[in-house]
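Q:
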Amino acid sequence: MENTVTYIGIAVSSVAALVFAYAMGLFSWKNHMPVEGKTILLTGASEGMGRSAALKLAARGANLVVVARNGQRLEELVTELKASAKNPQTQRFTSLTADISKEGFAAPLLDKATAWNNGRAPDIVWCVAGMATPGLFAESPFSVLRRNLDVNFYGTAELSHAVLRAWLAPDADADAKPNPNRTDAAATPKHLIMTSTVAALYPVAGYSLYIPGKAALRALADTLAQEVLLYPGRDVRVHVVYPGTITSPGYERENLTKPGITHELEDIDPVQTPDQCAEAAIRGLEAGQYFVTVAWLGHLMRWGALGGSVRNNWVVDTLMGLLTPLVFVFVIPDIFGKVKAYAKKHGHPSTYIKNVPS
8 MENTVTYIGI AVSSVAALVF AYAMGLFSWK NHMPVEGKTI LLTGASEGMG
58 RSAALKLAAR GANLVVVARN GQRLEELVTE LKASAKNPQT QRFTSLTADI
108 SKEGFAAPLL DKATAWNNGR APDIVWCVAG MATPGLFAES PFSVLRRNLD
158 VNFYGTAELS HAVLRAWLAP DADADAKPNP NRTDAAATPK HLIMTSTVAA
208 LYPVAGYSLY IPGKAALRAL ADTLAQEVLL YPGRDVRVHV VYPGTITSPG
258 YERENLTKPG ITHELEDIDP VQTPDQCAEA AIRGLEAGQY FVTVAWLGHL
308 MRWGALGGSV RNNWVVDTLM GLLTPLVFVF VIPDIFGKVK AYAKKHGHPS
358 TYIKNVPS
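With our numbering applied, the sequence shown corresponds to residues 8 to 365, in that order.
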């Protein structure tokens with residue numbers, strides 16, 4: 008009997024290991040998002056995951072239009088991109104400053120990128136720019152939620168709207184000038200990549216000002232994944248990347264207002280460097296994934312929250328979607344238990360909130 012239990016344990020562990028390996032794209036040999044010779048518009052490029060992703064895409068042969076508010080950091084990044092280029096003689100890089108929280112930023116930004124790209128809209132748009140202002144909902148000014156929504160939802164939504172109108176137009180690319188760096192393989196498909204957060208798949212206390220905008224991106228992507236199919240002859244693919252905790256300047260800013268309970272609840276979240284997160288995200292995109300999670304906890308949270316969203320793989324996602332609810336039988340009581348214990352120990356939030364978002 009003991010041997011039987013051991014064998015079952017080994018079998019279950021082996022299946023789980025294979026599933027996680029598949030989720031990480033280790034068994035995917037086809038590159039569904041080749042970037043060599045393509046032009047990528049990437050926001051949030053001045054620091055963190057956005058900066059790392061830009062450098063890794065340059066090393067894969069992409070031309071890049073990097074976007075952020077800080078022009079000096081972007082100039083420094085362009086110099087690094089040139090040094091990282093796979094094909095330095097042919098690859099091109101430029102930077103554009105923009106504040107994605109300001110209504111009306113997207114069309115002028117896309118126009119400039121298109122003009123630089125010899126009259127063609129970028130082949131790939133990756134919206135990385137975002138912000139997180141942790142805090143308790145009832146203890147924070149409502150204006151903080153609006154600011155987070157402006158950056159995390161409307162910034163991505165407006166740029167998505169602008170580029171989809173360009174990609175899906177009946178005469179898209181018809182009058183564009185020839186691009187000497189463009190190949191037939193580089194012409195299609197187009198990729199629209201949004202960046203959310205694993206907290207949007209399972210929220211925890213302290214992120215009520217941040218998560219709504221990131222969760223809304225999922226709803227937008229799910230809808231757009233259907234709508235782009237209405238345009239004959241257009242191959243447009245939508246993706247959502249769900250990073251977890253990243254050691255970056257943004258993370259340091261988060262911790263200035265992050266409640267103690269939030270630190271406790273996210274303690275299990277694997278901490279990644281910007282390079283690790285960017286590499287895992289790009290590998291997921293190359294594997295053709297729709298929802299791209301970058302660590303084991305993200306995979307688990309994705310399986311537990313799929314609902315009616317597009318599957319990366321029907322077999323793996325269905326199997327894990329059946330098993331994951333069993334995990335949450337233990338996770339949910341644990342989370343709520345920690346919150347109640349924190350409240351019992353610390354009393355009313357007004358007595359211990361020191362750094363309220365402003």
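Virtual Cβ for every residue (Gly too), placed ideally from N, Cα, C. This structure is a prediction, so every number in the text was calculated from the model and none was measured.
1) For the beta strand (DSSP E) containing residue 155, list its first residue and its last residue.
2) Under 8 Å between the Cβ atoms of residue 255 and residue 281?
3) Taking all protein chains shown into account, do 16 or more other C-beta atoms lie within 10 angstroms of the C-beta of residue 174, making it buried, or fewer, making it exposed?
4) Excluding five sequence neighbours on each side, which residues of the same chain lie with their C-beta closer than 6 Å to the C-beta of residue 318?
5) Can you have a look at residue 246 and say buried or exposed, based on whether 16 or more other CB atoms are within 10 angstroms of its CB?
6) Are residue 60 and residue 289 close, meaning C-beta to C-beta below 8 Å?
7) Keeping to the same chain, check which residues put their C-beta closer than 8 Å to that of residue 238; ignore five residues upstream and five downstream.
8) Going by beta-carbon coordinates alone, are residue 215 and residue 144 separated by less than 8 Å?
9) Among 40, 124, 76, which one has its Cα closest to the Cα of residue 50?
10) Check whether the Cβ atoms of residue 206 and residue 218 lie closer than 8 Å to each other.
11) Look at the alpha carbon of residue 337 and the alpha carbon of residue 271, and state the distance between them as a whole number of angstroms.
12) Using the Cα positions of residue 356 and residue 146, report the straight-line distance between them to the nearest angstrom.
13) Measuring CA to CA, which of 129, 108, 114, 109 is closest to residue 101?
14) Considering only the beta carbon of each residue, do residue 213 and residue 266 sit closer than 8 Å?
15) Three-state secondary structure (DSSP) at residue 307?
16) Between the segment 77-94 and the segment 112-129, do three or more beta carbon pairs fall short of 8 Å?
17) Beta-carbon separation of residue 4 and residue 68 under 8 Å?
18) How is residue 92 classed by DSSP in three states: helix, strand or coil?
19) Mapping DSSP to helix, strand and coil, what is residue 102?
20) May I ask you to report which of helix, strand or coil DSSP gives residue 318?
21) Output yes or no for whether 8 Å exceeds the beta carbon distance between residue 48 and residue 120.
22) Let's see if you can read the secondary structure: which residues bound the beta strand (DSSP E) around residue 107?
23) Helix, strand or coil, according to DSSP, for residue 40 in the structure here?
24) Under 6 Å Cβ to Cβ from residue 138, same chain only, skipping five residues before and after it: list those, please.
25) Does the separation of the CB atoms of residue 44 and residue 257 fall below 8 Å?
26) Contact check, residue 166 vs residue 107 under 8 Å by CB: the rounded distance?
27) State buried or exposed for residue 322, treating a residue as buried only when at least 16 other CB atoms are found within 10 Å of its CB.
28) Please state whether DSSP places residue 359 in a helix, a strand or coil.
29) Going by DSSP in three states, residue 313 sits in which element: helix, strand or coil?
30) Which class does residue 144 belong to by DSSP, given the choice of helix, strand or coil?
31) Is the beta carbon of residue 52 closer than 8 Å to that of residue 58?
32) Using alpha carbons as the reference points, say which of 358, 78, 133 lies closest to residue 168.
33) Taking the alpha-carbon positions, what's the residue 163 to residue 153 distance?
A: With the structure as the only source:
1) Segment 149-156 is the alpha helix (DSSP H) holding residue 155; no beta strand (DSSP E) there.
2) Against a cut-off of 8 Å, the Cβ pair of residue 281 and residue 255 comes out as a contact.
3) Classification for residue 174: buried.
4) Within its own chain, the residues whose Cβ lies closer than 6 Å to the Cβ of residue 318, once the five positions on either side in sequence are excluded, are 324, listed in chain order.
5) So residue 246 counts as buried.
6) Yes, these two residues count as a Cβ contact at 8 Å.
7) Excluding residues within five positions, the ones whose Cβ falls inside 8 Å are 175.
8) In this structure, residue 144 lies closer than 8 Å to residue 215 by Cβ.
9) Nearest C-alpha to residue 50: 76.
10) In terms of Cβ geometry, residue 206 and residue 218 form a close pair [threshold 8 Å].
11) If you take the alpha carbons of residue 337 and residue 271, they lie about 17 Å apart.
12) The alpha-carbon atoms of residue 356 and residue 146 are separated by roughly 8 Å.
13) Selected option, being the one with the closest Cα: 129.
14) Yes; because the gap between Cβ atoms is below 8 Å, this pair is in contact.
15) In this structure, residue 307 counts as helix in the three-state DSSP scheme.
16) For the pair of segments examined, the segment 77-94 was found not to touch the segment 112-129: the number of CB pairs separated by less than 8 Å stays below three.
17) Since the first residue shown for the chain is 8 and the last is 365, residue 4 is missing from the structure and cannot be characterised.
18) In the three-state reduction of the DSSP assignment, residue 92 falls in the coil class.
19) Correct three-state label for residue 102: strand.
20) Annotated three-state conformation of residue 318 is coil, per DSSP.
21) In this structure, the beta-carbon distance from residue 48 to residue 120 falls below 8 Å.
22) In the DSSP assignment, residue 107 falls outside any beta strand (DSSP E) and carries neither an H nor an E.
23) Shown here, residue 40 sits in coil according to DSSP, grouped into three states, outside any helix or strand.
24) Cβ neighbours of residue 138 within its own chain (closer than 6 Å, five residues either side excluded): 158.
25) Between residue 44 and residue 257, the CB-CB gap reaches or exceeds 8 Å.
26) That belief holds up - the Cβ atoms of residue 166 and residue 107 are roughly 7 Å apart, short of 8 Å.
27) So residue 322 ends up on the exposed side.
28) In this structure, residue 359 counts as coil in the three-state DSSP scheme.
29) Here residue 313 sits in coil by DSSP.
30) In this structure, residue 144 counts as helix in the three-state DSSP scheme.
31) In this structure, residue 58 sits near residue 52, with a CB-CB distance shorter than 8 Å.
32) When only C-alpha atoms are compared, the closest one is 133.
33) Approximately 15 Å between the Cα atoms of the pair.
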